[in-house]
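Trainee:
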Amino acid sequence: MAEPSNPQGNVELPAATVWPLVLAAGLALAGLGLATSALLSVVGLALMVTAVVGWVAELLPGRGHVAVPLAGVERRPVPVKPLPGRVEQLRPGMPGHRFRLPEKVHPISAGIRGGLVGGLLMPIPALTYGITSGHGPWLPINLLAGLLLPRVETQTLAELEQFQWTLFLVACGIHVVISLTIGLLYGVLLPTVPAFPGAQLLAGGLILPAMWTGASYGLMGVLNPALREHVHWPWYVVSQLVFGVAAAIVVVRTERVAVAPIVGRELPPAPREDRA
Amino acid sequence: MATIERESHVESPPWPARVHDWLTTVDHKKLGIMYVALAMGFLIIGGIEALLIRWQLMWPESRIFGQDTPTLFNQLFTLHGTTMVFLVGMPVLIGMANYLVPLMIGARDMAFPRLNALGLWTTLFGGLVLYLSFLTPGGPPAIGWFAYAPLTGHTFARDVGTDLWAMGLLVSGVGTIGAGVNFLATILAMRAPGMTLGKVPFFVWTILWTSVQILLAIPPLTAALIMVVLDRQLGAHFFDAANGGSPYLWQHLFWFFGHPEVYILILPVFGIISEVIPVFSRKVLFGYEFMAAATMGIAFIAMGVWAHHMYCVGLARTVDIYFAAASLLVSIPTGIKMFNWLATMYGGRIRFTAPMLFAIGFLAMFLIGGLTGIMLAVAPVDFQVSDTYFVVGHFHFTLIGGTLFGVFAGIYYWYPKVTGRMLSETLARWQFWLLLVGFLLTFGPMHVSGVLGMPRRIYTYLPDRGWDVWNQISTIGALIQAPSYLIFVWNLMASLRSGPPAGDDPWDAWTLEWATTSPPPPYNFEEVPTVRSRRPLWDFKHPDDPDWKYEG
Chain A
-6 MAEPSNPQGN VELPAATVWP LVLAAGLALA GLGLATSALL SVVGLALMVT AVVGWVAELL
54 PGRGHVAVPL AGVERRPVPV KPLPGRVEQL RPGMPGHRFR LPEKVHPISA GIRGGLVGGL
114 LMPIPALTYG ITSGHGPWLP INLLAGLLLP RVETQTLAEL EQFQWTLFLV ACGIHVVISL
174 TIGLLYGVLL PTVPAFPGAQ LLAGGLILPA MWTGASYGLM GVLNPALREH VHWPWYVVSQ
234 LVFGVAAAIV VVRTERVAVA PIVGRELPPA PREDRA
Chain B
4 MATIERESHV ESPPWPARVH DWLTTVDHKK LGIMYVALAM GFLIIGGIEA LLIRWQLMWP
64 ESRIFGQDTP TLFNQLFTLH GTTMVFLVGM PVLIGMANYL VPLMIGARDM AFPRLNALGL
124 WTTLFGGLVL YLSFLTPGGP PAIGWFAYAP LTGHTFARDV GTDLWAMGLL VSGVGTIGAG
184 VNFLATILAM RAPGMTLGKV PFFVWTILWT SVQILLAIPP LTAALIMVVL DRQLGAHFFD
244 AANGGSPYLW QHLFWFFGHP EVYILILPVF GIISEVIPVF SRKVLFGYEF MAAATMGIAF
304 IAMGVWAHHM YCVGLARTVD IYFAAASLLV SIPTGIKMFN WLATMYGGRI RFTAPMLFAI
364 GFLAMFLIGG LTGIMLAVAP VDFQVSDTYF VVGHFHFTLI GGTLFGVFAG IYYWYPKVTG
424 RMLSETLARW QFWLLLVGFL LTFGPMHVSG VLGMPRRIYT YLPDRGWDVW NQISTIGALI
484 QAPSYLIFVW NLMASLRSGP PAGDDPWDAW TLEWATTSPP PPYNFEEVPT VRSRRPLWDF
544 KHPDDPDWKY EG
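Chains as they are written, first to last, in the working numbering: chain A, -6 to 269; chain B, 4 to 555.
#1: My assumption, with CB atoms under 8 Å, is that residue 250 of chain B sits in contact with residue 260 of chain B. Please give the rounded CB distance.
#2: I need the DSSP call for residue 9 of chain A, collapsed to helix, strand or coil.
#3: Is the CB of residue 529 of chain B under 8 Å away from at least one CB in chain A?
#4: If you run the structure through DSSP and keep just helix, strand and coil, what is residue 235 of chain A?
#5: Tell me which residue opens and which closes the beta strand (DSSP E) that residue 196 of chain A is part of.
#6: Judging by CA-CA distance, which residue of B/430, B/443, B/536, B/451 is the nearest neighbour of residue 487 of chain B?
#7: So is residue 129 of chain B in contact with chain A if we call contact Cβ pairs under 8 Å?
#8: Over what stretch of residues does the beta strand (DSSP E) that includes residue 88 of chain B continue unbroken?
#9: Could you name the residues of chain B that residue 11 of chain A contacts, counting a contact when the two beta carbons are closer than 8 Å?
#10: CB-CB under 7 Å to residue 75 of chain B, same chain, minus the five flanking residues each way: which ones, in chain order?
#11: For residue 279 of chain B, which of B/408, B/222, B/317 has the nearest alpha-carbon?
#12: Tell whether a beta-carbon distance below 8 Å holds between residue 452 of chain B and residue 433 of chain B.
#13: Let me confirm a value: residue 22 of chain A is counted as buried when at least 16 other C-beta atoms fall within 10 Å, else exposed. Which label applies?
#14: Using a Cβ-Cβ cut-off of less than 8 Å, list which residues of the segment 510 to 543 of chain B approach chain A; keep chain order.
#15: Please report the Cβ distance between residue 172 of chain B and residue 129 of chain B, rounded to the nearest whole angstrom; I am assuming they are in contact, meaning their Cβ atoms lie under 8 Å.
#16: Where does the unbroken alpha helix (DSSP H) through residue 20 of chain B begin, and where does it stop?
#17: For my contact list, residue 220 of chain B and residue 534 of chain B are in at a C-beta cut-off of 8 Å; report their separation, rounded to the angstrom.
#18: Going along the segment 173 to 185 of chain A in order, which residues come within less than 7 Å of chain B, judged by CB to CB distance?
#19: Determine, using beta carbons only, whether residue 397 of chain B comes closer than 8 Å to chain A.
#20: Since residue 281 of chain B sits in a beta bridge, which residues does DSSP pair it with?
#21: Helix, strand or coil: which one does DSSP assign to residue 554 of chain B?
#22: Name the two residues that bound the continuous beta strand (DSSP E) containing residue 2 of chain B.
#23: Answer with yes or no whether the minimum CB distance from residue 263 of chain A to chain B is below 8 Å.
#24: The beta strand (DSSP E) with residue 60 of chain A in it runs from where to where?
#25: Kindly say whether residue 547 of chain B, judged by its beta-carbon, lies nearer than 8 Å to any beta-carbon of chain A.
#26: Can you give the beta carbon distance from residue 146 of chain A to residue 217 of chain A, rounded, assuming they're within the 8 Å contact cut?
#27: So what's residue 504 of chain B in DSSP terms, helix, strand or just coil?
#28: Leaving aside the five residues before and after residue 554 of chain B along the sequence, list all residues of the same chain whose C-beta is less than 7 Å from its C-beta, in chain order.
#29: Taking the beta carbon of residue 24 of chain B as the centre, do at least 16 other beta carbons fall within 10 Å, making it buried, or is it exposed?
#30: Tell me, to the nearest whole angstrom, how far the beta carbon of residue 481 of chain B is from that of residue 441 of chain B; I am working on the premise that it is less than 8 Å.
#31: Within 8 Å of any Cβ in chain B, is that where the Cβ of residue 79 of chain A sits?
#32: With residue 20 of chain A and residue 526 of chain B assumed to form a contact (beta carbons below 8 Å), what rounded beta-carbon distance in angstroms separates them?
#33: Here's a check: name, in chain order, each residue in its chain whose Cβ is nearer than 7 Å to the Cβ of residue 454 of chain B, leaving out the five neighbours to either side.
#34: Which word fits residue 349 of chain B, buried or exposed, when buried means at least 16 other C-beta atoms lie within 10 angstroms of its C-beta?
#35: Name the chain A residues whose beta carbon is nearer than 9 Å to that of residue 3 of chain B?
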């Protein structure tokens, strides 16, 4: 603490004054008069002039301030009491210290394996649809390639039912990349799902496939609406669910490994907790 | 919680002396209390107006005031909006800042105490001038709170109500500008020794930038109001399209004030929340520097987004794109704040007492208001829902869910300092839950009725529009909200007499105001304290682990 009150035990403060109130009243009356009666404005202006004169007079040296005596001892603030020892630094190893969430994750290889297994099983319902519907196995493959290649949508249905090397290779490429990407995402996301029985399977086998199916339905409408017309959506959904369930099972069955701890400094600046 | 009973009894002077004392005071604490009391009075008036508006809209083809319903409805929403923005929102925040800023920075008063008093009285008299319109033959103005030209022209507003609206805002604007100057001078020049600008309490930092906004935003409104008065009194034709003026000029000038005004009403609340959440989470504010930069960012960006209120006037595409991008930009610093508040709470030892309850309510409700604000910043979305109840729902989420929840958090936090008494926690919880439920029911459905196409400001609607049920839910919500305000006022008054004594530092807090008595003496501090960190009281309480060891 520094800068005490003056030696007499008083503190000099601005004195109470009525002039701000009078000036505000004058201003309001002057404004009111503009809209109603000029007489009010005249009164308002007179009040303003009086208030300004009175106000300025109080600014002269030796005026406008009062010495306020300090409060009695019984009304003074209770001194702030030091409470040493109430703060404890959180250090590595102590409960509540910083840790990465989730504490354990699946290895990256789990995501890759999940994506590959899902990717291998996913074509089964797609091809089943092609064969049972009479369109043949190449229609779903060509449609997948059409997501990337231009002018596929201009082909007739009969052309789309035929085997086409270019489309086959592109479709395989798309399928592998997407399967691996989603498999890796499963590896990262599934450990963060709330820990109740079956939650990871529910998220990976149902919720996430439902989300990307909805997204792809909407996106296909923007990117390639003509192709969307050829997609048989119930079978599409089944193939996504097959992928999701297969990838989730592979990922969930993989043993999780602990995350590397955060290496802290000797005196971490945060977090500190008051144990009060 | 430490409470200390003060047995000493000081005989109070007779009431005429007390009235004289309050009327002539230049003490920032008394002026702050009067600002808040003024705002609470107008809050009740504005609330009654809101209830009447909601009652009128509860049923289709309703006319609760008989044949005069359309005019009275227009007058009600004009007064409601004007009152809540100019006579509740700004005064309550200026009042709280008035009380707290000198205490928080270790000063004995504001830099210009007399100017401070002038600000209070001009705000009060400005409000009285506005409400005097009830006594005039044509009654109050019926022009909406943003008073678009040509509604303010003589052709559409022949009575004196519109003149009184303009004069009232002009007079109260003088006080607001004065307050802005005063806060700037106080914060820049009167901080305690050692309190660099990087060490001011966060509430003070937000008041600093609010003051910058006041000085940049209020003068254009003042100029525009003078132009309205000149148009109406002298036929100046500033906004008269038939005579070469431009109604769009008014829109530009008004919104150049109007959008920063939103931040004038929310930045101090960000400050309040940034004081409450750390104390009730028992942790230091997360990312102070980023929070400070975000506040500055908001203050500057907010000056350049005004025309997002004007997409529908047909501005050029380039202008729309700029204002949409600039408006979306505000979400970045605001998002920083949100995440930092959450990070402050994370891992903390949270105390769910009344201030924290309202702070959490603020976080949730303001987030919704912010998200719908992002939607409205996108010009094509705005084209669809402009001037519908969607907009009404949005800004009530920011102004009630944001400003009012934050103000309640602040009042529950600092009331013990101001009065020396604790507020009732039980009543506070009743108030919180009634307000939260009523608020959500009132303003949530407005988003739906707005998307369904219900325009704002219509006094009634046809029954076949599908708007009935949403309006009925809104009105029921308003009726649930109403008692929450009464409980609050009752709590304030009853606790003043019979609340448990608070002691100097009931929350075990860390900023300077808690180092003096509750209520503080006229001079605030017997000795002006020396500060070494952002939490000086923490340093005093924990000399073995002071903050200044860690702050750069």
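Here a beta-carbon is modelled for each residue, glycine too, at the ideal position from N, C-alpha and C.
Mentor: Concretely, from the data shown:
#1: Going by Cβ atoms, the distance from residue 250 of chain B to residue 260 of chain B rounds to 16 Å, so no, they are not a contact pair.
#2: Reduced to three states, the DSSP call for residue 9 of chain A is coil.
#3: yes
#4: helix
#5: Residue 196 of chain A -> no beta strand (DSSP E), and no H or E assigned at all.
#6: When only C-alpha atoms are compared, the closest one is B/430.
#7: yes
#8: Looking at the DSSP string, residue 88 of chain B is not in any beta strand (DSSP E), and its letter there is neither H nor E.
#9: 26, 27
#10: Beyond the five residues adjoining it in sequence on each side, residue 75 of chain B comes within less than 7 Å, by CB distance, of 68 in the same chain, given in chain order.
#11: B/408
#12: Contact flag unset, no.
#13: buried
#14: 511, 518, 519, 520, 524, 525, 526, 529, 530, 531, 532, 533, 540, 543
#15: 7 Å
#16: If you look at residue 20 of chain B, you'll find it in the alpha helix (DSSP H) that goes 18 to 27.
#17: Not a contact, Cβ separation roughly 31 Å.
#18: none
#19: No, no contact with chain A.
#20: Answer is none; residue 281 of chain B lacks a bridge partner.
#21: Note: residue 554 of chain B maps to coil in three-state DSSP.
#22: With chain B covering 4 to 555 only, the question about residue 2 of chain B has no answer from this structure.
#23: The pLDDT assigned to residue 263 of chain A is 48, lower than 50, so where the model puts this residue is not dependable; a value taken from the coordinates is nonetheless given after this. Answer yes: the Cβ-Cβ gap between residue 263 of chain A and chain B drops below 8 Å somewhere.
#24: 58 to 62
#25: yes
#26: About 6 Å separates the CB atoms of residue 146 of chain A and residue 217 of chain A; that is less than 8 Å, so the two are in contact.
#27: strand
#28: 536, 537
#29: exposed
#30: 7 Å
#31: Yes, residue 79 of chain A lies at the interface with chain B (some Cβ there is under 8 Å from its Cβ).
#32: In fact, because the Cβ distance is near 30 Å, the residues do not count as touching under 8 Å.
#33: Apart from sequence neighbours up to five positions away, the residues of its chain that approach residue 454 of chain B with a beta-carbon distance below 7 Å are 388, 393, ordered along the chain.
#34: exposed
#35: Residue 3 of chain B cannot be examined here, being either before or after the span of chain B that is shown, 4 to 555.
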